[in-house]
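Residue numbers (the working numbering): 1 to 377.
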């Protein structure tokens with residue numbers, strides 16, 4: 001049976017990700033078509049938000065392990081995110097949007113590595129299953145948020161006023177999440193452990209992480225998937241349904257994939273996830289947008305469940321290694337978004353997708369070679 005703290009954290013993530021999805025379902029369209037900024041500016045916003053969101057996770061993951069602080073970081077992170085998302089209501093340029101997204105992502109940075117440590121502490125040897133459940137709650141919240149946005153766009157029509165009011169409304173689920181984490185989630189029991197901090201014990205995990213970082217560099221952020229959908233003729237009101245499809249794919253399969261991680265091993269699941277990533281960009285290239293979103297969902301849920309479980313099972317300093325995971329995603333995801341935006345703006349989407357496919361193909365080949373030589377743990 002899943003621990004009650006994991007269930008409570010699941011609902012915290014449910015409401016937080018509902019609010020996040022209400023923002024991300026329309027933010028790329030808001031930047032490019034409402035504020036009339038280019039796709040390169042969207043790349044800047046994505047890069048800044050991605051870097052801040054993930055880079056600081058290294059720091060707070062380290063601080064959590066070093067000083068055995070867990071729940072205070074989790075609460076603080078959710079509170080920052082809850083009160084800053086609605087401020088996008090006042091944004092009037094890509095610079096102000098990037099600033100607000102950056103501040104909001106600080107909250108995610110503060111909580112994420114420590115939240116994963118908290119989940120790991122209550123996993124009781126079933127890390128794949130536990131992270132699968134938590135990811136299911138994540139994506140269920142995102143799914144509902146996307147459906148809310150679709151309903152509003154469908155019945156009220158696309159307008160700048162509606163976009164801004166949606167941003168403002170995210171305060172409600174954000175505050176609900178903060179209340180749940182404060183009242184119903186206990187701190188990690190391993191705070192009193194006696195073993196000392198020694199990062200050298202975790203060096204063996206780094207090769208797998210760095211190969212994943214390379215793959216992330218070439219993988220499109222989902223914001224570019226939305227712009228591609230608009231580019232091929234999908235009406236604005238229906239674009240949130242593609243986000244629904246993305247989230248539904250993850251919701252339906254996350255728990256199942258978590259069980260498969262425990263049964264088959266994280267590295268094998270990661271191999272399939274890399275393949276799904278390649279298929280997602282290939283689908284976009286041939287204008288199969290719906291299939292592109294399905295494969296993107298499979299890539300996201302498979303790779304994150306596999307890596308989080310892998311760290312939970314093999315890392316000594318879990319908070320720090322989770323922080324390194326997210327920090328690497330920050331650096332390579334931000335650089336990838338910058339490069340993607342610039343190539344897209346100056347050379348077109350087709351050339352950008354070819355660049356992405358070539359890079360991911362190289363990373364997948366490297367992963368298969370290392371896996372066959374049994375150089376992973």
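By construction, the Cβ of each residue, glycine as well, lies at the ideal position given by its N, Cα and C atoms.
Owing to the predicted nature of the structure, the values given are computational and were not obtained by experimental measurement.
Identify whether residue 134 lies in helix, strand or coil by the three-state DSSP scheme.
In the chain shown, the residue the question calls residue 134 occupies position 134. Of the three classes helix, strand and coil, the one that applies to residue 134 here is helix, per DSSP.
Residue span of the alpha helix (DSSP H) that contains residue 348, given as start and end
Sequence index remark: in the chain shown, residue 348 carries index 348 (1-based). First-last for residue 348: undefined, no H or E at that position.
At which residues does the alpha helix (DSSP H) containing residue 121 begin and terminate?
Sequence index remark: in the chain shown, residue 121 carries index 121 (1-based). That run of the alpha helix (DSSP H) goes 94-121.
Buried or exposed for residue 20, going by 16 or more other Cβ atoms inside 10 Å?
Locating residue 20 in the chain shown gives position 20, where the first residue counts as 1. Buried, since its Cβ has 16 or more Cβ neighbours within 10 Å.
Would the stretch 336-343 count as touching the stretch 141-161 if we require 3 or more Cβ pairs under 8 angstroms?
no
Here's a check: name, in chain order, each residue in its chain whose Cβ is nearer than 8 angstroms to the Cβ of residue 351, leaving out the five neighbours to either side.
The residue given as residue 351 occupies position 351 in the chain shown. Answer for residue 351: 343, listed in chain order.
Would DSSP call residue 35 helix, strand or coil?
Indexing the chain shown from 1 puts residue 35 at position 35. In this structure, residue 35 counts as coil in the three-state DSSP scheme.
Tell me where the alpha helix (DSSP H) around residue 315 begins and ends.
Mapped onto the chain shown, residue 315 falls at position 315. Per DSSP, residue 315 belongs to no alpha helix (DSSP H) and is neither H nor E.
Between 328, 108 and 75, which has its C-alpha nearest residue 207's C-alpha?
Locating residue 207 in the chain shown gives position 207, where the first residue counts as 1. Comparing Cα positions, the closest option is 328.
Roughly how many angstroms lie between the CA atoms of residue 202 and residue 324, to the nearest whole one?
Residue mapping note: residue 202 aligns to position 202 of the chain shown, counting from 1. Residue mapping note: residue 324 aligns to position 324 of the chain shown, counting from 1. In a straight line, the C-alpha of residue 202 is about 11 angstroms away from that of residue 324.
If you count every other CB in all the chains shown that lies within 10 Å of the CB of residue 322, and 16 or more means buried, which is it?
In the chain shown, residue 322 corresponds to position 322, counting from 1. Buried is the call here.
When the Cα of residue 303 is compared with those of 138, 276 and 44, which residue comes out closest?
Along the chain shown, read from residue 1 onward, the residue named residue 303 stands at position 303. The residue with the shortest Cα to Cα distance from residue 303 is 276.
Do residue 114 and residue 81 count as a contact pair if the criterion is CB distance below 7 angstroms?
Looking up residue 81 in the chain shown gives position 81. Looking up residue 114 in the chain shown gives position 114. Contact flag unset, no.
Can you name, in chain order, every residue of its own chain whose Cβ lies under 6 angstroms from the Cβ of residue 25, other than the five neighbours on each side?
Residue numbering aside, residue 25 sits at position 25 when the chain shown is read from its first letter. Closer than 6 angstroms at Cβ, skipping near neighbours: 146, 149, 240 and 243.
Taking the alpha helix (DSSP H) that residue 17 belongs to, which residues open and close that run?
As a first step, residue 17 is located in the chain shown; it is residue number 17 there, counting from the start. Start and end: 4-24.
So, is residue 179 buried or exposed, given that buried needs 16 or more other C-beta atoms within 10 angstroms?
Reading the chain shown from its first residue, position 179 is the one you call residue 179. By the 10 Å Cβ count, residue 179 comes out exposed.
In this structure, does DSSP put residue 367 in helix, strand or coil?
For the purposes of this step, residue 367 is taken as residue 367 along the chain shown, with counting starting at 1. In the structure shown, residue 367 sits in a helix (DSSP, three-state: H, G or I).
According to the Cβ coordinates, are residue 367 and residue 205 closer than 7 angstroms?
By one-based count along the chain shown, residue 367 stands at place 367. By one-based count along the chain shown, residue 205 stands at place 205. No, these two residues do not count as a Cβ contact at 7 angstroms.
May I have the straight-line CA-CA distance separating residue 362 from residue 355, to the nearest angstrom?
Start at 1 with the first residue of the chain shown, and residue 362 comes out as number 362. Start at 1 with the first residue of the chain shown, and residue 355 comes out as number 355. Cα to Cα, residue 362 sits roughly 11 angstroms from residue 355.
Distance between residue 111 and residue 69 (C-alpha atoms, nearest Å)
Residue numbering aside, residue 69 sits at position 69 when the chain shown is read from its first letter. Residue numbering aside, residue 111 sits at position 111 when the chain shown is read from its first letter. Near 11 angstroms, if we compare the C-alpha coordinates of residue 111 and residue 69.
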